[in-house]
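Chains as they are written, first to last, in the numbering used here: chain A, 6 to 115; chain B, 121 to 327. Working notes, structure below.
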Amino acid sequence: MPRYELALILKAMQRPETSAALRRTVESLMQRGAVVRDLENLGERLLPYAITKHNQKHSRGAYFLIDFYSATNILSGLLDHLHRDVDVVRPTVLKKDDQVSSSNCCGPQQ
Amino acid sequence: MFQVIGGRGVQVTRLLAPGRAVLVEAVRGRKSRTDTVAKSKQGRIKVPPPVDPTEMVVLKERYAEYEMITRALRLEFKEEVLRKKYEEETGSMAEERSRQEAEEHRALMVFNDQENLRMLQQRVVRIQMEKEEAENKQVEAAIERELQQQEFIKEKEREILKLQEDAKNFITLENLDQRIEEALDSPKNYNFAVDKEGRVVKQTMLQ
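Below, the structure is given as structure tokens:
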């Protein structure tokens, strides 16, 4: 199965609400048959620009990274669902490339 | 232009002046026979150039002799050519030559056959070598392919094992809450800075 990454920007909320939103998201993923591999938190940061979503203007957001394995046909439904979620400011699904070899790339040898 | 002949269809102009025994032929020119003669030419009688009889006789004799000689020479030469051609085909040397040519031809054919034989042998040997080479190459290629396949299978097995190991860390419904708490507790920062000397700085300010 191909491997995807959901870069999720949630509204800046209190901890229990954030965890509830995350739980909701992951459960919706699993319900569509995805296998969630890992969940990372990139912190609560200033958004690069003010984003207006669900009739609300946001200047701060909580960034999360969920990588999962899933079928290809569920993605549009998932994005639909996430756009409708009030707590989600911006969902983005990206394909995950294969790991590059960690050897030194070309460049001046030091 | 003027031809000294007499005959039907040729307009003969009789010479009324004495001593003229030559008949000449008139040429039509620009005007046809129905056009009127020009005023300046009315009553003109054309006369041929005068001929000196003695001179004519002498010339005639000389010309006759000359022509006879040239005709004789011409015929001589023609005869020589014909004779040469005849001798070429059915002369005494013709048989010798044809026999020699046949000899030569036979010898060359024999030589050709020998060469062909030699070439054939060389070719056979060469083809044999090439076939063996090709077979060796094929065998080697097959072995190579087998090795590649084995490598591939091993690689895939390794990947499967790795994935199985990773699967132990996946998120399931049971450890969902725990993982969420863990994630919220430890924010990760992927930002870093590099300068031209290659020094990496991982400590950045998180806004």
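Idealized CB from N, CA, C, for every residue including glycine. Computed from a prediction, not measured in an experiment: that's the story for all the values here.
1. Let me check understanding here. Comparing Cα to Cα, which of B:Ser306, B:Asn309, B:Lys180, B:Gln284 lies closest to Arg42 of chain A?
2. Is DSSP giving Pro168 of chain B helix, strand or coil here?
3. Can the beta-carbon of Cys34 of chain A be found closer than 8 angstroms to that of Ala67 of chain A?
4. Determine whether the Cβ of Asp103 of chain A lies closer than 8 angstroms to any Cβ atom of chain B.
5. With a 10 Å radius around its C-beta and 16 neighbouring C-beta atoms as the bar for buried, classify Val94 of chain A as buried or exposed.
6. Determine which residues of the segment 12-24 of chain A have a Cβ less than 8 angstroms from any Cβ of chain B, and write them out in chain order.
7. Flag Leu44 of chain A as yes if its beta-carbon sits less than 8 angstroms from any beta-carbon of chain B, otherwise no.
8. Beta strand (DSSP E) containing Thr57 of chain A: first to last residue?
9. Go to Val94 of chain A, then tell me how far its beta strand (DSSP E) extends in each direction, as first and last residue.
10. Please classify Asn2 of chain A as buried or exposed, where buried requires at least 16 other C-beta atoms within 10 Å of its C-beta.
11. Cβ of Gly38 of chain A less than 8 angstroms from any chain B Cβ?
12. For Gln162 of chain B, name the three-state secondary structure that DSSP assigns.
13. Use the C-beta contact count for Asp92 of chain A: other C-beta atoms within 10 angstroms, 16 or more gives buried, fewer gives exposed.
14. Using only CA atoms, which one of A:Gln36, A:Ala39, A:Ala55 lies nearest to Met17 of chain A?
15. Note the first and the last residue of the continuous alpha helix (DSSP H) segment covering Asp233 of chain B.
16. Taking the alpha-carbon positions, what's the Arg65 of chain A to Glu317 of chain B distance?
17. Please name the residue in B:Phe197, B:Leu304, B:Leu240 whose C-alpha comes closest to that of Glu22 of chain A.
18. Pop quiz: Ser75 of chain A and Arg37 of chain A are said to be a contact at Cβ under 8 angstroms. What is the actual Cβ separation, rounded to whole angstroms?
In this structure, then:
1. Translated into positions along the first sequence, residue 42 of chain A becomes position 37. Cα-wise, what sits closest to Arg42 of chain A is B:Gln284.
2. For the purposes of this step, residue 168 of chain B is taken as the residue at position 48 of the second sequence. Look at Pro168 of chain B here: in three-state DSSP terms it is coil, with no helix or strand label.
3. As a first step, residue 34 of chain A must be located in the first sequence, where it is residue number 29. As a first step, residue 67 of chain A must be located in the first sequence, where it is residue number 62. The question names Cys, but residue 34 of chain A in the sequence shown is Leu. Not a contact, by the Cβ cut-off of 8 angstroms.
4. The sequence position of residue 103 of chain A within the first sequence is 98, counting from 1. No, its Cβ sits nowhere closer than 8 angstroms to a Cβ of chain B.
5. Residue mapping note: residue 94 of chain A aligns to position 89 of the first sequence, counting from 1. Burial call: buried.
6. The residues in question are Arg20, Thr23, Ser24.
7. Translated into positions along the first sequence, residue 44 of chain A becomes position 39. Chain B, which has a Cβ nearer than 8 angstroms to the Cβ of Leu44 of chain A, makes this yes.
8. Taking the first sequence and counting its residues from 1, the one referred to as residue 57 of chain A is at position 52. Here the beta strand (DSSP E) through Thr57 of chain A covers 40-58.
9. Stepping through the first sequence from its first residue, residue 94 of chain A is reached at position 89. Where Val94 of chain A is concerned, the enclosing beta strand (DSSP E) stretches over 93-100.
10. This structure cannot speak to residue 2 of chain A, because chain A is shown only from 6 to 115.
11. For this step, residue 38 of chain A is matched to residue 33 along the first sequence. Taking Cβ atoms only, chain B never reaches closer than 8 angstroms to Gly38 of chain A, which makes this a no.
12. Working through the second sequence from its first residue, we reach residue 162 of chain B at position 42. Coil, per DSSP.
13. Residue 92 of chain A sits at position 87 when you count from the first residue of the first sequence. Answer is buried; the Cβ neighbour count reaches 16.
14. Counting from one through the first sequence, the residue named residue 17 of chain A turns up at place 12. It should be noted that the sequence gives Ala, not Met, for residue 17 of chain A. Among A:Gln36, A:Ala39, A:Ala55, the Cα nearest to that of Ala17 of chain A is on A:Ala55.
15. In the second sequence, residue 233 of chain B corresponds to position 113, counting from 1. Taken as a continuous stretch (DSSP letters only), the alpha helix (DSSP H) holding Asp233 of chain B covers 212-287.
16. By 1-based counting over the first sequence, the position of residue 65 of chain A is 60. By 1-based counting over the second sequence, the position of residue 317 of chain B is 197. In this structure, the straight-line span from the alpha carbon of Arg65 of chain A to that of Glu317 of chain B is close to 35 angstroms.
17. Locating residue 22 of chain A in the first sequence gives position 17, counting from the first residue. The residue with the shortest Cα to Cα distance from Glu22 of chain A is B:Leu304.
18. Stepping through the first sequence from its first residue, residue 75 of chain A is reached at position 70. Stepping through the first sequence from its first residue, residue 37 of chain A is reached at position 32. Sure, about 7 angstroms apart at Cβ, within 8 angstroms.
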